[in-house]
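Worksheet: one structure, shown below.
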Amino acid sequence: MDTYTSAQEIGSLLHEVAEIHHRVFRITDGADNDWASWYADWLINLSELPALLKVKPVRSELVYMLVVLDKQYTADSPAEPWEPYYASRLLDYFRPSIG
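Letter 64 of the sequence shown, counting from 1, is numbered 1020 in the working numbering, and no numbers are missing.
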């Protein structure tokens, strides 16, 4: 599996967790100030993220990265959707170096 494929799959997982989170928090229209903790728990324990990264992230570190990426994405206002933006950066950050 190449990096591009992994980034696409991680992007799909991020889209999935966002949809699930919105359904779970439908009473508040998806609003949740601690969303990153919820996402991290789901991504680590209920998705293929650890297999795609080839490492099981520490929950607090993933929460931190999600918050950092949210701030960067908001500041950068890139043209690409948030899912691939986060996915490529999570992959770069967490995937063990080769060699």
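Cβ coordinates follow ideal geometry from the N, Cα and C atoms, glycine included.
N- and C-terminal bounds of the alpha helix (DSSP H) containing residue i
i: residue 1051; result: Careful: residue 1051 lies outside any alpha helix (DSSP H) and carries neither H nor E.
i: residue 1010; result: Taken as a continuous stretch (DSSP letters only), residue 1010 belongs to no alpha helix (DSSP H), as it is neither H nor E.
8 Å Cβ cutoff met for residue i and residue j
i: residue 996; j: residue 1018; result: yes
i: residue 988; j: residue 977; result: yes
i: residue 1044; j: residue 963; result: yes
i: residue 1005; j: residue 969; result: yes
Three-state secondary structure assigned by DSSP to residue i
i: residue 1035; result: coil
i: residue 992; result: helix
i: residue 1003; result: coil
i: residue 987; result: coil
Cα-Cα separation, residue i to residue j
i: residue 1016; j: residue 985; result: 25 Å
i: residue 1047; j: residue 1033; result: 20 Å
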